[in-house]
Each structure stands twice: as structure tokens, then as C-alpha cells.
Amino acid sequence: MKTKRFLVIAVMIGMAMSVNAQEASESKYGADSVACVTNLSIYGEAYKQWESNKFAPESISMEMVKAWREVFLNCPRASQLIYTRGEKIMDYFIRTNPKDKDAYIDTICMMMDNRAKYFPVDPKTGGSQVANIMGRKGLLIYTYNKNRYEEAYNVLKDAVAMDPSQLQGAYIDAYFKATIDMVNNDKAEKMTVINVYQELSEVLDNNIGALAETEAELVAAKEDAEASGDADAVSGFDKQIEKNEKNININKGVKSNLDNLFQPYASCEDLIKVFSAKMKETPDDVVLLKRITTILDKKDCTDSKLFLDAAVRLNELEPSPEASYSLGVKFFKDRKWSDAATFFEQATKTDNNDRKYRAYRNLGMCYENMGSLSRARDIYRRAAQVDPTNGEPYLLIAMLYAGSAKQFSGEIESKAVFWAAVDKCLKAKAIDPSCADKANGLIRAYTAAFPSMETIFFNDYSEGQSFNVGGWIGETTTIRAKK
């Protein structure tokens with residue numbers, strides 16, 4: 183009986199909404215402020231009690247739900263807590279009454295629409311939060327009932343169109359899964375998956391790029407605080423850096439999941455087949471050409487004629503860093519290092535941090551292949567500045583150092599490059615745990631090339647002593663013996 187009464191309350195919200203929403207006063211506490219404040223107090227205190235009991239099913243209060251409903255209907259401007267707490271209430275009903283979940287999902291949708299209507303501004307930032315609210319609406323629809331994927335897809339699609347920067351990782355993940363459901367159920371063409379994949383990849387790349395810039399600013403501010411001896415400020419920056427790094431890893435995790443979900447649609451054969459047909463229809467569509475070159479590059483399908491045709495046409499129609507990058511990739515594949523370097527240099531002027539990073543990385547590889555090792559290292563360092571959380575540039579520098587051992591004569595000098603190389607590997611995995619396996623593999627190889635303790639001793643050095651690696655490397659490292 184109690185469950186049925188709860189269901190009636192949830193459904194009644196939908197029945198009463200059209201009437202009561204019109205009657206609700208424009209004031210914060212509605213037409214009857216006394217009743218609103220009373221109900222706020224009743225449901226608020228009861229909710230806190232329920233929360234203190236870890237939202238145990240047996241401790242939910244019927245009076246709380248009734249009071250919450252009255253507040254929701256009659257003074258929807260009273261507080262954002264009406265909506266965040268309402269989510270928790272509806273979540274309880276859905277979990278305990280799964281057969282009636284659609285009625286509760288409808289109520290959640292109504293709540294989200296009201297929250298966007300009455301609280302469009304984020305009180306913390308002063309900016310719009312409507313896209314974020316709609317993103318959450320789409321996520322909850324998809325989470326609670328995957329059969330409503332089309333509804334979730336449309337809500338999330340609109341949220342991305344409003345402001346993609348507001349979308350959290352979970353929203354992006356749900357949007358892509360709903361997109362795949364649309365295609366698998368013949369409600370969208372296969373190209374939709376490709377388009378949404380690129381769109382969301384760009385959102386995540388921009389998020390990661392913005393967070394990387396924030397990280398660099400925080401690290402610089404922390405260094406200033408350390409120099410001035412402000413311990414409290416240093417502690418504060420450490421917490422901000424930790425939070426920022428957590429957000430970077432979340433975005434990278436979502437991006438990795440997106441790549442995995444896209445994999446069944448990402449064979450070069452399938453991509454080329456789909457894109458070739460589209461390019462034949464609209465060969466001068468700049469948006470399409472960018473999509474073709476970007477995705478074929480990401481999926482390492484750049485040996486195809488389609489990639490070259492799209493890259494050349496894009497550069498003719500709209501010369502840009504993005505077009506230059508695509509041509510750079512093609513020349514790189516053809517081992518035309520000088521030509522590739524020219525285009526990658528132009529590509530570094532892009533505003534897209536992910537593309538900027540890859541342009542610098544590839545430019546460094548061009549100089550490395552041309553034998554300009556010092557220049558290659560400088561470029562890899564630029565790549566590291568663009569993405570301070572990426573360990574790859576340091577691994578590339580490590581391989582540069584180790585590969586130049588034959589340029590140095592002397593028992594110690596020729597081995598010192600491996601000390602410097604290991605230093606870079608250690609730094610790489612310290613800032614980027616995702617590259618730890620590769621870094622550890624290189625460390626094992628390079629430590630095997632360390633000089634023996636006897637060699638160090640007979641050259642009048644000792645383990646742990648500082649050593650300056652000469653030549654173009656010009657770095658100070660620490661003497662270590664092969665174990």
C-alpha cells in the first residue's frame with residue numbers, strides 16, 4: 183500500500199504540473215509563503231534524517247515526500263535542493279519499484295526542466311548551467327531505462343549543442359552509447375556514430391587541453407609560493423593541482439572508453455567506405471573534409487588515397503593549421519621529413535591543444551629523422567609544455583639520448599647518456615602513470631647499459647656523484663652502476 187501511495191504521488195506531479203506551475207507565484211516562496219516555508223522545513227529535516235541513515239529504505243518518510251511535492255509544485259524557486267534531493271527520492275522509488283520506473287523517470291525529466299527554468303545560472307560561476315542540467319537529464323534517462331535511448335540521445339545532443347564545455351564525462355559516455363543504440367536500431371545511419379565520435383573527442387581534447395593549461399598555471403603559482411616561503415599557499419595549490427589532475431584523468435578515461443566503443447566502427451576499410459561515399463556527394467564540404475582527415479589520422483588510416491585527397495582539398499579550400507597537419511601526416515608517412523616538418527610547423531599554430539601537441543611531437547620526429555637531435559629535443563620540450571601531463575615527450579627525449587651513445591667516446595662518457603635517459607623515463611612515469619609500462623621497459627634496457635662499479639671506480643668516479651653529460655645533451659645527471 184505504501185509503495186502504491188508513493189507512485190500516486192509521483193504520477194500526480196505530472197497531472198498537477200500544468201495547472202500548478204501556472205499558479206505558482208513569481209516570488210521565491212510562491213503564492214503561499216507560509217505553507218512553502220513550512221513544507222521546506224518538514225521535508226528538509228526529514229531528508230537530513232534519511233540522509234543520516236544512509237538513505238535506508240525503511241527510514242524514508244511519507245511526510246517528507248508529501249512536503250517535497252508541495253514545495254516542488256507551489257514554490258519551485260525556493261531552492262535548488264528541491265531538485266537535487268528530488269533526484270535522490272526518485273532514485274529510491276525506481277530502485278524499489280522497477281516496474282513503475284517510467285513514471286518516476288518522467289518526474290525526473292520534469293524536475294530537470296524546472297531546474298533549468300528556475301535556476302539557469304550556476305551560483306558558483308555566474309554562468310549558465312542549463313547545458314549541464316540537460317546533460318544530467320539525458321544521463322539519468324539512459325541510466326534508468328536504456329530502452330529510452332532515443333529520448334536520451336536527443337536530450338544529450340541538445341545539451342552538447344548548447345555548451346559542450348559543461349558536459350561531464352558521464353554525460354559524454356551516455357551520449358555516445360545512446361548514439362550507438364540509435365545506429366544499431368536503424369534510427370540513425372552509421373555516419374552518425376562517426377560524427378558524434380569526432381564531436382565528443384574534440385570536446386574531451388578541449389577539456390584536457392584547458393585542464394593542462396590550468397595545471398601549468400597552478401604549478402607556476404605553487405613555485406612562486408615556494409620561493410616566497412608561503413607554506414599555506416603551497417598546500418592550497420597542492421590540493422588544487424591534485425583535483426585538476428583527477429579531472430584530467432577522468433577525461434582521459436572517458437576518451438579511452440570512447441575509443442573502445444568506437445572500435446567496431448573504426449576499421450580503416452569501414453571508415454574509408456563510409457567517408458568515400460560522403461566525399462563523393464559533397465567534395466567541397468569543409469566540415470566533412472576536416473572530419474575525414476581527423477578520424478583517419480587518429481585511426482592510422484593515413485596511407486589511403488582518400489586521406490591524401492581530403493587533405494589536399496581541405497588545404498585548397500581552407501588553408502589552416504588543421505589542413506597543414508593532415509598534409510604533414512601524409513608526407514611523414516612517405517618519409518619526406520623536410521616537407522612534413524614544414525607542414526607540422528604550420529600546424530603548431532592551431533588552437534586545439536591535442537592537435538598542437540601532436541604537431542609538435544611529429545615535428546620533433548621529423549628533425550630526429552633528419553639527424554638534428556638537439557632541435558628534435560627542443561621540439562619535444564615544446565610538446566611537453568603544451569601537455570604537461572603527458573609523459574610521451576620525455577620518453578622520446580630518453581630515446582634520443584640513448585640512441586646517441588656512439589657519439590660519445592670514453593668508458594664513462596658513452597654510458598652517461600643512459601643515466602640521462604633513465605632520468606627522463608622516471609620523469610615520464612611520474613607525471614603520466616599511463617606510460618609507466620613503456621617507461622619501465624626502457625629503464626630496464628638502459629640500466630643494463632650502465633657502467634659497472636669497477637669501471638666507475640677506475641675512472642676516478644663514485645656512485646651517486648653528479649656528472650655532466652657533454653656534447654649536445656648538456657645535462658647534469660647522477661652516476662649509477664649496473665646492478
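Counted from 1, the sequence shown has number 407 at position 225 by the working numbering; the numbering is strictly sequential. Even for Gly, the Cβ is constructed at its ideal location relative to N, Cα and C.
The alpha carbon of K620 has as its nearest neighbour, out of F632, L509, C607, the alpha carbon of C607. Contact holds between the stretch 538-548 and the stretch 516-526, because three or more Cβ pairs, one in each stretch, are under 8 Å apart. The shortest CA-to-CA distance from I376 to any of N431, D485, K480 is the one to K480.
Residue ranges of uninterrupted alpha helix (DSSP H) with 4 or more members, entirely inside the stretch 449-498 and ordered along the chain, are 450-463, 468-480. With respect to the C-alpha of A407, the residue from S556, N572, F419 having the closest C-alpha is F419.
Counting along the chain, V401 sits inside the alpha helix (DSSP H) bounded by residues 372-410.
Exclusion of the five residues before and after D345 leaves A313 as the residues of its chain whose Cβ lies within less than 6 Å of its Cβ.
Residue range 657-660 is occupied by the beta strand (DSSP E) that includes E657. DSSP places S616 in the helix class (H, G or I) of the three-state scheme. In this structure E240 is exposed. Its beta-carbon is surrounded by fewer than 16 other beta-carbon atoms within 10 angstroms. Contact annotation, F640 with R662: C-beta distance approximately 16 Å; criterion of less than 8 Å not satisfied.
Using a Cβ distance threshold of 8 Å, I287 and Y335 do not count as a contacting pair. Close CB contacts of N439 within its chain, under the 7 Å cut and outside five residues either way in sequence, are with D355 (chain order).
Residue state for N296 is assigned as helix, using DSSP reduced to three classes. As the crow flies, the alpha-carbon of V247 is around 39 Å from that of N366. Residue nearest to A394 within the set K425, M364, G656, I276 is K425 (criterion: CA-CA distance). Look at the beta carbons and you see the stretch 593-611 not touching the stretch 445-453: under three pairs across the two are nearer than 8 Å.
The C-alpha of Q422 is placed about 41 Å away from the C-alpha of L496.
Counting along the chain, S648 sits inside the beta strand (DSSP E) bounded by residues 648-651. Put simply, of P258, F237, W232, M244 the residue whose alpha carbon is nearest the alpha carbon of A217 is P258.
Put simply, the backbone Cα of D363 is about 11 Å away from that of L443. The alpha carbon of K299 has as its nearest neighbour, out of K428, Y324, A260, the alpha carbon of A260.
Closest option to I579, judged by alpha-carbon separation, among V568, V494, A610: A610.
Counting every other CB atom within 10 Å of its CB across the protein chains shown gives D533 a total below 16, marking it as exposed.
Listed in chain order, the non-local C-beta contacts of N389 below 6 Å within the same chain comprise N433, local neighbours out to five positions each way being set aside. The stretch 460-474 makes no contact with the stretch 395-406: fewer than 3 CB pairs, one atom from each, lie closer than 8 Å.
Residue environment analysis places P501 among the exposed positions, since fewer than 16 neighbouring C-beta atoms fall within 10 angstroms of its C-beta. Between A602 and V651, the CB-CB gap stays under 8 Å. By the neighbour-count criterion, in which 16 or more other beta carbons inside 10 Å mark a residue as buried, P503 falls on the buried side.
As the crow flies, the alpha-carbon of V511 is around 11 Å from that of C548. In the three-state DSSP reduction, S310 falls in the strand class (E or B).
Where C548 is concerned, the enclosing alpha helix (DSSP H) starts and stops at 535-551. Annotation: E384 to I430 spans about 14 Å, alpha carbon to alpha carbon. I315 places its beta carbon 8 Å or farther from that of V337. Judged by beta-carbon spacing, G317 lies beyond the 8 Å limit of Y265, meaning their Cβ atoms are not closer than that value.
Pairing S508 with S616, the inter-Cα distance amounts to about 27 Å.
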